[in-house]
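So for the sequence shown, our numbering puts the first residue at 296; every next one is plus one. What follows is a set of notes on a single structure, which appears directly below.
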Amino acid sequence: MQDPVITITSPATHPQLGTALKRWRLLHRVKQSHAAELFNVNQSTISRWESGTQAIEPAERARAEALLSARLDAAADHALARLVNESPRPVHLVCDITHRLLASSARRTAEFGAPLSLLLGRSLWRYATPEIAGKEAMLDGIGWRDALAPPSLEFATGTNSSQLVPIAQSRCRWTRLTLSDGTSARLVETL
């Protein structure tokens with residue numbers, strides 16, 4: 296079964312990583328000079344990325360996404376995944392940066408037109424509706440990746456025509472969660 300790919304050209308497909316990089320640095324006590332060595336750039340480039348005054352080039356973006364991608368490595372993170380998997384509600388957990396699927400409740404999995412094993416670890420971004428893309432595009436503007444930002448956001452989802460990851464008109468809540476290693480995941484709930 297061929298599923299149409301929804302192409303949304305929005306800044307949300309390439310979120311600002313500067314704030315997330317700064318947060319990661321502070322949590323791991325990494326100086327800008329050391330981060331510059333990791334990315335093979337000048338310290339001033341790291342500063343400009345973090346302040347949002349310079350875009351991250353594609354090669355460095357890929358390295359930053361790999362560094363900042365949410366992983367379920369620690370026992371506490373596995374416990375969170377179990378809670379999501381065992382929830383009676385339609386919920387799933389994704390990486391806040393890459394939108395890779397990390398965990399899914401049975402009720403959410405029943406909505407998918409593909410086995411969970413084919414979707415785990417893959418980005419669900421391609422199935423986003425214009426409404427979801429619009430909310431994603433505003434996250435950096437509201438400070439979503441800042442420590443003091445509101446940790447949740449509710450909105451209407453809109454619909455898509457996907458048979459693999461269908462999205463029906465509903466209310467949705469995104470809740471940002473910090474994992475053990477300082478990376479961020481997003482709990483996606485249908486209300």
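We treat Cβ as the ideally placed atom computed from N, Cα and C, and that holds for glycine.
Locate the beta strand (DSSP E) running through residue i, then write down its first and last residues.
{"i": "S400", "result": "Where S400 is concerned, there is no enclosing beta strand (DSSP E), given that its DSSP letter is neither H nor E."}
{"i": "L312", "result": "Segment: none, L312 is in no beta strand (DSSP E) and carries neither H nor E."}
{"i": "H387", "result": "386-390"}
What is the residue span of the alpha helix (DSSP H) that residue i lies within?
{"i": "S328", "result": "327-334"}
{"i": "Q338", "result": "338-346"}
{"i": "A374", "result": "370-381"}
{"i": "E352", "result": "Element bounds for E352: n/a, residue is neither H nor E."}
{"i": "S412", "result": "411-414"}
Please classify residue i as buried or exposed, where buried requires at least 16 other C-beta atoms within 10 Å of its C-beta.
{"i": "E484", "result": "buried"}
{"i": "N337", "result": "exposed"}
{"i": "T452", "result": "buried"}
{"i": "T314", "result": "buried"}
{"i": "I351", "result": "buried"}
{"i": "K430", "result": "buried"}
{"i": "I437", "result": "exposed"}
{"i": "N335", "result": "exposed"}
{"i": "A307", "result": "Interpretation of A307 is limited by its pLDDT of 40, a score under 50 that renders its predicted location unreliable; the figure taken from the coordinates is listed afterwards. With 16 or more Cβ atoms within 10 Å of its Cβ, A307 is classed as buried."}
{"i": "T478", "result": "buried"}
{"i": "A463", "result": "exposed"}
{"i": "L398", "result": "For the record, residue 398 in the displayed sequence is Ala; it is not Leu. A398 should be labelled buried."}
{"i": "E332", "result": "exposed"}
Could you compute how far the alpha carbon of residue i sits from the alpha carbon of residue j?
{"i": "S346", "j": "P461", "result": "37 Å"}
{"i": "T450", "j": "W469", "result": "Looking at the sequence provided, one finds Phe at residue 450 rather than Thr. Those two C-alpha atoms are separated by around 9 Å."}
{"i": "D435", "j": "F407", "result": "29 Å"}
{"i": "R384", "j": "R403", "result": "7 Å"}
{"i": "R466", "j": "Q327", "result": "40 Å"}
{"i": "L448", "j": "A370", "result": "27 Å"}
{"i": "R440", "j": "R324", "result": "18 Å"}
{"i": "R358", "j": "T454", "result": "33 Å"}
{"i": "N380", "j": "P446", "result": "21 Å"}
{"i": "M296", "j": "L414", "result": "Low confidence applies here, because M296 scores a pLDDT of 38, under 50, leaving its location unreliable; read the following figure in that light. Each residue's alpha carbon lies about 15 Å from the other."}
{"i": "L322", "j": "L363", "result": "12 Å"}
{"i": "G317", "j": "R481", "result": "Gly is not the amino acid found at residue 317; the sequence shown has Lys there. Each residue's Cα considered, the two are about 19 Å apart."}
{"i": "S339", "j": "A330", "result": "11 Å"}
{"i": "H394", "j": "G416", "result": "9 Å"}
{"i": "T348", "j": "I341", "result": "10 Å"}
{"i": "L375", "j": "L419", "result": "20 Å"}
{"i": "D476", "j": "A405", "result": "30 Å"}
{"i": "R492", "j": "L474", "result": "A query on residue 492 cannot be resolved here, the shown segment of the chain reaching from 296 to 486 and no further."}
Go through its chain and collect everything with a Cβ distance to residue i's Cβ below 7 Å, but skip five positions before and after it.
{"i": "I303", "result": "Summary for I303: the model assigns pLDDT 34, below 50, so the residue's position carries little reliability; its value from the coordinates is reported in the next sentence. Around I303: A423, P425, A428."}
Among residues of its own chain, excluding the 5 on either side of residue i, which ones have a beta-carbon nearer than 8 Å to its beta-carbon?
{"i": "L486", "result": "E449, S465, R466, C467, R468"}
{"i": "S400", "result": "V379, N380, E381, S382, P383, R384, P385, V386, H387"}
To test your reading of the DSSP string, which unbroken beta strand (DSSP E) runs of 3 or more residues are found completely within the segment 429-480?
447-451, 466-473
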